[in-house]
Structures are given as structure tokens and as C-alpha cells.
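Residue numbers (the numbering used here), protein chains in the order written: chain A, 28 to 375; chain B, 6 to 133. For glycine and all other residues, C-beta sits at the position ideal for the given N, C-alpha and C. As the structure is a computational prediction, the values presented were derived from the model and not from experiment.
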């Protein structure tokens, strides 16, 4: 995926007002099959897979024993005993190694198949308010259609005689669909999507717009907001941590953090007044008479939809509350910013 | 894309253009530069009265993805800065040689102009 095909602004706006298609084939696919698949995965992921009937997925995190994030990903229950995990491209190897290690220690591992099938698949994301207008026409008519999927649901649809998994999920804050197809099919599917979608305003969109869209939506990016040294609770993702489901890797640390709070918290902020945009690694400062260095920016950009600089970063909990004034150091100057709730951008 | 390099300007190696008028020079960035940057979202300009040396970093142009330094192509005192860019940084993209100008310098040494690139030499640099 290039940074942009035309321009980041244009592609970002297309996704917010019509539709954009992203080639996300770099993302991973890990399949887990067997009677014990649910139990095994539920012991290593934070969210509760038991909530998923076949045909539904959930956002979840893979944690280490310190509650630190190994990856954030989507887990789909494809069948009664089959799950598909979609990890970040940069973490496919790390996740596979981690899961294989956990599997070796898992008592019920007989009959459980865990396989990194990333090389077999490509993926596209079709995102935007108009996506539902043309996505069905990309597939052969059949009993169901992608638009019959509700948010987080997944189904199989036919393209050129082959199965394509389509989920109603995305990383932009818009309605949309993510397609997982046999690798050799991706190009034809891309061309089909463009052909079907152009009359609706569909544009190809690249990495740059992918980043501005997810930042506006307040979504974390592994390697920035999420690392092996941050926990889901520090990142504000407690909704996806099902402490009540029973034991899972990292649970004891997360349970303590739930009770005691976390020393640091991920905060979202907007620049006040005219300013250059915040960018990763720019220092964050407290405001007031004796400013102190309190953290650094993990993600930041000029928001195409809002016309203002937006960013996220970790700060001590006492500085991370909404409406706290902070400073962002940009080229040696501390520029005023305000902590705000996520998401920065909301439909209507 | 075919290069847009006006014949009446001189160019710096780092993609600035210079339009000379008597003893002042207007400075901006080239069409090639704005095209590489894509959407400009913020421009930081030098303060009025600042004395620049040729080659000195004196402004910053930010796109969505990156911040890039702009260098003084010639030495002199800053006598004007384009206030329009505060509200309309996109002028750098839509009118890089016109309304998207950055600042004006009162030339300290007009001889320095000879060290700048001609349009032909600038073209060779960007399309070798």
C-alpha cells in the first residue's frame, strides 16, 4: 500500500463522504481449529470469545504475563470450532511464536490446529458511508449478501467461484467491510471493487489516509499506543478486557489495575489555536506555572476532517483527564493543547 | 508529470524559488516541492526583521505526514511574510509561484543570485 494514490487529504475525505478501498494484504491471518480452540484462545486473549456465535467477531488483545500488549487484533468465530485471528502485519511473527509457545503449555492441545496462514490470503478494506451501496455487487448473487451483515459479523461470499470472507468491520470509524480472499484473487477483487464503487465516489486509499482516519477515530496503532510495555487498561481499552470470564494471560495484573487504577493513561488531545500539528515523539508538558515534562506523543497529525492538530500520548493519570490543559513541544516551543475524550471525530 | 519551472525565476538546490525585483527577492517553494509534499497543512515563516544567511534554515512547511525545512536561498533581512498562509496553507499547493509565496528578503548581496540554479539547471536536478 503506498502512502497515497492522489493525496492523503483527498483519500481521507473520500472515505468520510463516499468510500475508499485499502489494500491491507500485509495484515495477518492465523487460524485455530478444534474442539479446544475456544478454550485455548480464551486463555490468551483478553475479550470473551464465548460471546461469539459462528459468524461474529470481536476486537481483542493478546497480552503477556505483565499485562503488556503483544498485539491488538480481531478474532472471528468462523464455525463452531474454527476461529480466524487477524493480527497486525508487523506482529504476525511475534503473535505466531507467542501463540505456539502458549499452545505447547496448554493441556488440551491434542486435536487443536493453530496455523499462520497469512501467505495464503490477501485482504482489502472498503470503508465509507457509500460502501454499502456497491459492496454486494462485487460478489455473486447468493442466499446472503455482505450488506445483511451487522457490525462485527462475518460471512462467506462468492467471487469468481471462490470463498471470500467479508466482515462488517474497519479501522476508520466509518461503516465498511473487510475482505479476506485467497492471495491470487486480491487483484481481481480490487479491480472489481473499483469498478463497482467509482460511480459512488470510491477512491483507492493509502497508508497516509489509513493513519489519519484511525487517529481521528481515536483507534490505537500497535507500536505507538500499544506496546509490550503498555496494558489495555492504560490504553483505555478496558471494555475489551473480560476479567469476569476466568483466567487468561495477564489477568492478575489487569485485575489489580482495574481496582487500583493505572499510573499512566492514554490521553487524546487537540491543539488550541494556530499551531503546527503534533507528531510522534514530540514531548508533552503540563501547563501552569511550573511546567514539567509528562510524556510524549504516540500518534499525531493534522486532522483533515477537523482542521486542527490531534494526537494521543501517555501521561501520568493526574494529567490525563478531559479538559486538562497541556503543552506539546514543537520545535522547541510549547504549544497549548487540551485533553479531550475519544473519538475526535464522530459521525453526526 | 511535466515540470512547471517558470523561466523568470532562479532556484535553490533545496527547491526554493526566487523572484528578484530591484533589491528585494520573493521566496517560495517550487511546484515540484509542493507536489512531493502533497497537502500543506501548516507553514511557519521567519519573523520580520530577521537577518538570514544563504543556506540557513528559516521556515518550515508541514504536510499531513511530514515537516520539511525551507532554507534561505540568499542572504538578507526578512521584510515581509505571507500572512495568507496562516488561514490558507493550501495556497502553497495550488499557487506555489503566486499566492503561495513564503517571504520577501531585502538582498544583502545581489552577487549571491549567480549561485542559484537557472530554470534549466533546476530541471536537470529534478529530472536527471
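Alpha carbon of residue 23(B) to alpha carbon of residue 88(B), nearest angstrom: Straight-line Cα distance between these residues: approximately 18 Å.
Based on Cα-Cα distance, which residue from 361(A), 335(A), 147(A) lies nearest to residue 377(A)? Any property of residue 377(A) remains undetermined from this structure, which presents chain A solely from 28 to 375.
Note the first and the last residue of the continuous beta strand (DSSP E) segment covering residue 124(B). If you look at residue 124(B), you'll find it isn't in any beta strand (DSSP E); it sits in the alpha helix (DSSP H) that goes 124-131.
Can you look up residue 217(A) in the DSSP assignment and give me helix, strand or coil? helix
Would you list the one or two residues that DSSP bridges to residue 320(A)? Beta-bridge pairing links residue 320(A) to 312(A).
Give a yes or no on whether the minimum CB-CB distance between residue 35(A) and chain B is below 8 Å. yes
Within the 8 Å Cβ cut-off, does residue 38(A) reach chain B? It does not; no Cβ of chain B falls within 8 Å.
Using CA coordinates, which residue listed in 117(A), 288(A), 341(A), 266(A) is at the minimum distance from residue 296(A)? 341(A)
State the DSSP-derived secondary structure class of residue 328(A), mapped to helix, strand or coil. Strand at residue 328(A).
Could you check which residue in 330(A), 96(A), 375(A) has the C-alpha nearest to that of residue 16(A)? Since the first residue shown for chain A is 28 and the last is 375, residue 16(A) is missing from the structure and cannot be characterised.
Curious, which full-length beta strand (DSSP E) runs of at least 3 residues does the region 34-109 of chain A contain? 46-50, 57-60, 83-90, 96-106
Through-space distance from residue 52(B) to residue 219(A), alpha-carbon basis: 53 Å
What separation, rounded to the nearest whole angstrom, lies between the Cα atoms of residue 287(A) and residue 17(B)? 59 Å
Closest to residue 83(B) by C-alpha separation, out of 122(B), 20(B), 29(B), 25(B), would be which residue? 29(B)
Whole-angstrom distance between residue 90(A) and residue 58(A), CA atom to CA atom: 18 Å
Evaluate contact between the region 195-210 of chain A and the region 258-274 of chain A, counting only Cβ atoms and requiring at least three cross-stretch pairs below 8 Å. no
Quick one: is residue 12(B) buried, meaning 16 or more other Cβ sit within 10 Å of its Cβ, or exposed? Result: exposed.
Helix, strand or coil: how does DSSP classify residue 117(B) here? helix
At the level of alpha carbons, what is the spacing between residue 29(A) and residue 53(A)? 12 Å
For residue 61(B), I'd like the list of residues in its chain whose CB is within less than 6 Å of its CB, leaving aside the five on either flank, ordered along the chain. 77
Taking the continuous beta strand (DSSP E) assigned at residue 356(A), which residues delimit it? Looking at the DSSP string, the run of the beta strand (DSSP E) that includes residue 356(A) is 352-357.
Using a 10 Å radius around the Cβ and a threshold of 16 neighbouring Cβ atoms, would you call residue 144(A) buried or exposed? Around the beta carbon of residue 144(A), a 10 Å sphere encloses fewer than 16 other beta carbons of the protein chains shown; the residue is thus reported as exposed.
Tell me, which residues are paired with residue 183(A) by DSSP? 192(A)
Three-state secondary structure (DSSP) of residue 125(A): DSSP places residue 125(A) in helix when its eight states are reduced to three.
Output yes if chain B places a C-beta closer than 8 Å to the C-beta of residue 329(A); else output no. So yes, residue 329(A) belongs to the interface.
Counting C-beta neighbours from all protein chains within 10 Å, is the total for residue 109(B) 16 or more, i.e. buried, or is it exposed? buried
Residue 121(B) vs residue 55(B) beta-carbon contact at 8 Å: no
If I'm right that residue 157(A) touches residue 244(A) with Cβ under 8 Å, what's the distance once you round it to whole angstroms? That pair is no contact at about 18 Å.
If you count every other CB in all the chains shown that lies within 10 Å of the CB of residue 330(A), and 16 or more means buried, which is it? buried
Along chain B, in chain order, which residues have C-beta atoms closer than 9 Å to that of residue 242(A)? By Cβ distance, chain B contributes nothing, its closest Cβ being about 10 Å from residue 242(A), past 9 Å.
Chain B partners of residue 304(A), CB-CB under 9 Å? 46, 47, 67, 69, 72
List, in order along the chain, the chain A residues whose C-beta lies closer than 8 Å to that of residue 91(B)? 301
Could you work out which residue in 21(B), 27(B), 31(B), 19(B) is closest to residue 85(B) when comparing CA atoms only? 31(B)
Whole-number beta carbon distance between residue 105(A) and residue 181(A), since they are thought to touch under 8 Å: 7 Å
When the Cα atoms are used, what is the spatial distance from residue 230(A) to residue 339(A)? Computed Cα separation, rounded: 28 Å.
May I have the straight-line CA-CA distance separating residue 323(A) from residue 39(B), to the nearest angstrom? If I take the Cα positions, the gap works out to 29 Å.
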